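Okay, structure first, notes after.
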Amino acid sequence: MEIRLDRIVDPSPEKHKIDILVCGVAGCASSGSLKVAAAIEEQIKKHGLGEDVKVIKTGCFGLCAEGPIVMICPEHVMYTKVTTDDVEEIFESHIKGGKIIKRLLAGENEYEQIRDRLPQIPFFSMQRRIALNNCGIIDPENIDEYIALDGYQALSKVLNEFEPDDVIDEIKKSGLRGRGGGGFPTGRKWESSAVVQDHEKYVICNADEGDPGAFMDRSILEGDPHSVIEAMIINGYAVGAHQGYIYVRAEYPVAVQRLAVAIKQAREYGFLGKNILGKGFDFELEVRLGAGAFVCGEGSALMTSIEGKRGEPRPKPPRSAEKGLWKKPTVLNNVETYANIPQIIRNGADWFRGIGTEGSKGTKVFALGGKINNIGLVEVPMGTTLREIIYDIGGGIPGGKSFKAAQTGGPSGGCLPAEYLDTPIDYDSLTKLGSMMGSGGLIVMDEDTCMVDLARFFLDFTVDESCGKCPPCRIGTKRMHEILVRITEGKGEPEDLDKLEVLAKNIKASALCGLGQSAPNPVLSTMKYFRDEYMAHVVEKKCPAGVCKSMIKFIIDNDVCKRCSICKKNCPTGAISGDKNTPFVIDQDKCVKCGVCMEKCPFKSILKNA
42 MEIRLDRIVD
52 PSPEKHKIDI
62 LVCGVAGCAS
72 SGSLKVAAAI
82 EEQIKKHGLG
92 EDVKVIKTGC
102 FGLCAEGPIV
112 MICPEHVMYT
122 KVTTDDVEEI
132 FESHIKGGKI
142 IKRLLAGENE
152 YEQIRDRLPQ
162 IPFFSMQRRI
172 ALNNCGIIDP
182 ENIDEYIALD
192 GYQALSKVLN
202 EFEPDDVIDE
212 IKKSGLRGRG
222 GGGFPTGRKW
232 ESSAVVQDHE
242 KYVICNADEG
252 DPGAFMDRSI
262 LEGDPHSVIE
272 AMIINGYAVG
282 AHQGYIYVRA
292 EYPVAVQRLA
302 VAIKQAREYG
312 FLGKNILGKG
322 FDFELEVRLG
332 AGAFVCGEGS
342 ALMTSIEGKR
352 GEPRPKPPRS
362 AEKGLWKKPT
372 VLNNVETYAN
382 IPQIIRNGAD
392 WFRGIGTEGS
402 KGTKVFALGG
412 KINNIGLVEV
422 PMGTTLREII
432 YDIGGGIPGG
442 KSFKAAQTGG
452 PSGGCLPAEY
462 LDTPIDYDSL
472 TKLGSMMGSG
482 GLIVMDEDTC
492 MVDLARFFLD
502 FTVDESCGKC
512 PPCRIGTKRM
522 HEILVRITEG
532 KGEPEDLDKL
542 EVLAKNIKAS
552 ALCGLGQSAP
562 NPVLSTMKYF
572 RDEYMAHVVE
582 KKCPAGVCKS
592 MIKFIIDNDV
602 CKRCSICKKN
612 CPTGAISGDK
622 NTPFVIDQDK
632 CVKCGVCMEK
642 CPFKSILKNA
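Just so we're aligned, residue 42 is where the sequence shown starts under our numbering, counting upward by one.
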């Protein structure tokens, strides 16, 4: 990771001696970071340090599982899992006494050099931040800090040195592909809109991040909103648009609030509005809130929603570059795509092309979740392998359990088994294996995961979120879900597997939008790589992972049982009978498969027979 520690040394113009950075985004806030920030403010007042110490509620550091996170600058010492009870010690020992509190340090405490130690922590050392460049470093509600770290220099460069066609050529040359789904080349998308002769055009940022477990775009908007605003102004200049919209889900209140602040500041500084930087270019930007419909992450449905109509996809062609919002030429990119633009302009296309693989340039942000130690946000060069992300950055699987699969691309993606751990993560490699990059969700599964149940879970989500406009998605996914439910309840038959495959292929070929077309991917990929689990469910009526409740039986081994009756006392349904003189037995009809008996038994005499 290129950790530019010089960028964290008091970027604010106030020149405080000590900056205390506190993660203020939704994840850490939910674990108490805002209370920690308030406690720090109290300590500053208590010790009379208002002129020397400043608290900055910043963006995501990435180590979400270790939050709340506090970083002391200029030492660049990161403390994790900080509580309000720790704040007084931080002031007495560190701020006043200069003594670092090792028990709160991020990573292992094995480094002799404590100062500037972030590059040594494995979680950070393999990352390279471009889209997340300012997240966790600046105050996202202070435009001066963004400007102090080269903010709006790209816009100035474009307006002073580039013609619109030059901007598009630079983006095309960089090889940047869309980070929100299919990976369409960004420069080509901009060019398609620019060549259309129409005086009224639009640019849109898709911040409707609906994939389960995904929080990449949210973190960028919460930590560095000005990078997206700057990129959209550049996009407008390149294609001849004077109006932009950021479509963000209303469930992201922190992102919405910080966007509102950033847009107001950009307008006050002359980066938005009329005659930007005195160069004769006008551009306005508005935020539009989505109501949480997953389908509104699809481009045409999103535009329909902005128009005030029900969010449903439109047939293609025509493409949005020709007829998009209000049937006018429109460019739609997601948050992460835009976050790359200012640095490409500042550093040049060749710099960006030097990162990644032949067909996938630059970096990718992933939201690591599931059965992994270091849950959080990471950004790595394209071509980094699954193994490196999961084990070197993610810290491996909790409890020493074995890796089973990784699901990429959210509900539209696929599951990759252990044999593909050394697969480089890029657009083409994932597509060949039946998965996709998607927006960047990466869910890790261990040996205890049932792949049939996982497929059912994603189909349950897709069925619930289908807009219902086209029969293949509305009806087809419902029928697939019904089959999967039947299989996980032990009522499936071998011919159900054939029905699943036929339905899946027909839906992929005939659904109206990309979300419907990709909905069968989790089913197809799990059937391809874990067919033995499907066969166990339909032939042996067993769930190998012991997850599907209808197939689980808890049995008491009376050779081991001490007849202490602890299981009987804790059973919530009274399914266990027996006494000191009679063997204990579980009534399978009354048993609700909760597992409390197995958990409470001190002699391990209860077995789960899947």
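Glycine is no exception: its CB is placed at the ideal position from the N, C-alpha and C atoms.
These numbers were taken from a predicted model, which means no experiment stands behind them.
At the level of alpha carbons, what is the spacing between residue i and residue j?
{"i": "Lys641", "j": "Asp489", "result": "20 Å"}
{"i": "Ile627", "j": "Phe595", "result": "7 Å"}
{"i": "Lys122", "j": "Pro266", "result": "26 Å"}
{"i": "Gly655", "j": "Ile287", "result": "For residue 655 there is no data in the structure shown, the boundaries of the chain being 42 and 651."}
{"i": "Phe132", "j": "Ile81", "result": "8 Å"}
{"i": "Gly481", "j": "Ala560", "result": "16 Å"}
{"i": "Lys76", "j": "Ile97", "result": "13 Å"}
{"i": "Pro452", "j": "Lys58", "result": "47 Å"}
{"i": "Gly222", "j": "Leu262", "result": "18 Å"}
{"i": "Gly65", "j": "Arg218", "result": "30 Å"}
{"i": "Asp323", "j": "Asn174", "result": "28 Å"}
{"i": "Ile524", "j": "Cys491", "result": "16 Å"}
{"i": "Leu541", "j": "Met521", "result": "6 Å"}
{"i": "Gly319", "j": "His283", "result": "15 Å"}
{"i": "Glu353", "j": "Ser507", "result": "9 Å"}
{"i": "Ile155", "j": "Tyr193", "result": "With a pLDDT of 48 at Ile155, under the threshold of 50, the modelled position of that residue is not reliable, and the figure given next carries that caveat. C-alpha separation (whole angstroms): 34 Å."}
{"i": "Ala380", "j": "Met273", "result": "9 Å"}
{"i": "Gly533", "j": "Val526", "result": "9 Å"}
{"i": "Val236", "j": "Lys213", "result": "15 Å"}
{"i": "Arg497", "j": "Asp252", "result": "16 Å"}
{"i": "Pro535", "j": "Val564", "result": "15 Å"}
{"i": "Glu211", "j": "Ala390", "result": "6 Å"}
Helix, strand or coil for residue i? Go by DSSP, reduced to three states.
{"i": "Ser566", "result": "helix"}
{"i": "Cys105", "result": "helix"}
{"i": "Gln84", "result": "helix"}
{"i": "Ser606", "result": "coil"}
{"i": "Val421", "result": "strand"}
{"i": "Ser618", "result": "strand"}
{"i": "Val297", "result": "helix"}
{"i": "Phe595", "result": "strand"}
{"i": "Ile382", "result": "helix"}
{"i": "Arg45", "result": "Caution is warranted here: a pLDDT of 45 is assigned to Arg45, below 50, making its placement in the model unreliable, and the coordinate value is therefore given only provisionally. Arg45: coil per DSSP, three-state reduction."}
{"i": "Asp51", "result": "Only weak support is given to the placement of Asp51: the predicted model assigns it a pLDDT of 44, under 50, and the value that follows is read from those uncertain coordinates. The answer is coil: DSSP assigns Asp51 none of H, G, I, E or B."}
{"i": "Pro643", "result": "coil"}
{"i": "Ala334", "result": "coil"}
{"i": "Gln558", "result": "helix"}
{"i": "Val626", "result": "strand"}
{"i": "Gln238", "result": "coil"}
{"i": "Gly168", "result": "In the sequence as presented, Gly is not what sits at residue 168; that position holds Gln. If DSSP states are grouped into helix, strand and coil, Gln168 belongs with coil."}
{"i": "Ala342", "result": "helix"}
{"i": "Ala496", "result": "helix"}
{"i": "Thr711", "result": "Nothing in the structure corresponds to residue 711, since the chain is present only between 42 and 651."}
{"i": "Leu553", "result": "coil"}
{"i": "Thr99", "result": "strand"}
{"i": "Gln154", "result": "A caution first: Gln154 carries a pLDDT of 48, below 50, which makes its placement in the model unreliable, though a value can still be read off. It is coil, neither helix nor strand."}
{"i": "Phe312", "result": "coil"}
Taking a contact to mean a Cβ-Cβ separation below 8 Å, would you say residue i touches residue j in this structure?
{"i": "Arg355", "j": "Thr371", "result": "no"}
{"i": "Asp463", "j": "Ser401", "result": "no"}
{"i": "Gly365", "j": "Tyr243", "result": "yes"}
{"i": "Gly450", "j": "Ser476", "result": "yes"}
{"i": "Ile416", "j": "Cys176", "result": "no"}
{"i": "Thr99", "j": "Leu145", "result": "no"}
{"i": "Val199", "j": "Ile396", "result": "no"}
{"i": "Val485", "j": "Gly411", "result": "yes"}
{"i": "Gly582", "j": "Met592", "result": "The displayed chain sequence assigns Lys, not Gly, to residue 582. Going by C-beta atoms, Lys582 is nearer than 8 Å to Met592."}
{"i": "Gln306", "j": "Ile209", "result": "no"}
{"i": "Thr378", "j": "Arg220", "result": "yes"}
{"i": "Lys631", "j": "Gly615", "result": "yes"}
{"i": "Asn374", "j": "Cys246", "result": "yes"}
{"i": "Ala408", "j": "Ala296", "result": "no"}
{"i": "Gly68", "j": "Cys101", "result": "yes"}
{"i": "Ala447", "j": "Leu418", "result": "no"}
Could you give the C-beta distance for residue i and residue j, rounded to a whole number, given that I count them as a contact under 8 Å?
{"i": "Gly331", "j": "Ala291", "result": "6 Å"}
{"i": "Arg299", "j": "Pro181", "result": "5 Å"}
{"i": "Val376", "j": "Thr404", "result": "Contact flag wrong, Cβ pair sits at about 14 Å."}
{"i": "Cys456", "j": "Tyr575", "result": "Rounded, the Cβ-Cβ distance is 13 Å, inconsistent with contact."}
{"i": "Asp487", "j": "Ile430", "result": "Incorrect: roughly 15 Å between the Cβ atoms, too far for contact."}
{"i": "Ala303", "j": "Ile270", "result": "6 Å"}
> Taking the runs of the alpha helix (DSSP H) that are 4 residues or longer, which of them lie wholly in the segment 184-230?
Replying inline: Complete alpha helix (DSSP H) runs here, min 4: 184-189, 194-202, 205-215.
> Enumerated in chain order, which unbroken segments of the alpha helix (DSSP H) with a length of 4 residues or greater are wholly contained in the segment 404-485?
Replying inline: List check, alpha helix (DSSP H) in window: 468-473.
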